[in-house]
Every structure is written in C-alpha cells, then in structure tokens.
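Take the sequence shown: its position 13, counting from 1, is numbered 13 in my numbering, and each next residue is one higher.
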Amino acid sequence: MTICAPADCSTMTDVRAGVDQVDRELVALLARRFGYMDAAARIKPERSAVRDEARKAQVLANVRAAARGAGVPEAVAADLWERLVEASIAYELEAFDRR
C-alpha cells in the first residue's frame, strides 16, 4: 500500500495507513532509544548515576525547542517526553540490575 503525505490524504483509509506507518516507525525508534539505555546501564559505574535530573531537564528543554520548531504543541511533546524519560530511567535501572 502506498502511504500518502498528510496533505495528500483524501480518505480515512489514507489517513489510517499513514498513522499506522508512523506508529511502526515510532516503535522502531523506541527500540533504538532503549538500546541506548542498555548501553548507559553498561557504561555507568554506579546505579545512583542512572537518574540524572540535569540531563533530564536538558532532554525536556531540547524536546520543547524541537517541538516549537516543528510546529508541534510544545506541552504535548513535553508531557510525552516526561513519560518517556521516566520509563527510560526505570528500564535503565532494571538493565543495570541485570548486569
């Protein structure tokens, strides 16, 4: 099936196919991001280093700026990334404990 750009969609089937494709791409990106959490858990010398509030603030600021630049609602992006970062920290703690 051909995936249309959003502006080229003329049916809900087109829209849904595009959304489904984006979702598959997002899951692939999440898998890549969590791979970096595995690497961080392997590299960090102590479990206490997993939570880094300064880095979290930097990530959220970066996301807010990127969202503004892309025309995405900033508050929505920040809320999603807040959840993603906290889930990533929890995942990294589990990965650290497994090593």
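Ideal Cβ placement from N, Cα and C applies to all residues, glycine included. The model shown is predicted, which means the values in this text are computed figures rather than measured ones.
Could you tell me if residue i is buried or exposed, where buried requires 16 or more neighbouring beta carbons within 10 angstroms of its beta carbon?
i: Met-12; result: exposed
Please return the same chain residues whose Cβ sits closer than 8 Å to the Cβ of residue i, not counting the five positions on each side in sequence.
i: Glu-74; result: Arg-64, Ala-67 and Arg-68
Measuring only the C-alpha atoms, how far is residue i from residue j?
i: Val-50; j: Ile-89; result: 7 Å
i: Val-19; j: Tyr-91; result: 27 Å
i: Met-1; j: Glu-53; result: 44 Å
i: Pro-45; j: Arg-98; result: 14 Å
i: Arg-47; j: Ala-87; result: 16 Å
Leaving out five residues on either side along the sequence, give the residues of the same chain with a beta carbon under 7 Å from the beta carbon of residue i.
i: Ala-95; result: Met-37, Asp-38 and Ala-41
i: Gln-114; result: Here the chain has residues from 1 to 99 only, and residue 114 is not among them.
So, at 6 Å on beta carbons, what are the nonlocal neighbours of residue i in its own chain, with the 5 sequence-adjacent residues on each side left out?
i: Leu-93; result: Val-50
Discussion item. Closer than 8 Å is the cut-off here; do at least three beta carbon pairs connect the stretch 12 to 24 with the stretch 69 to 88?
Written reply: no
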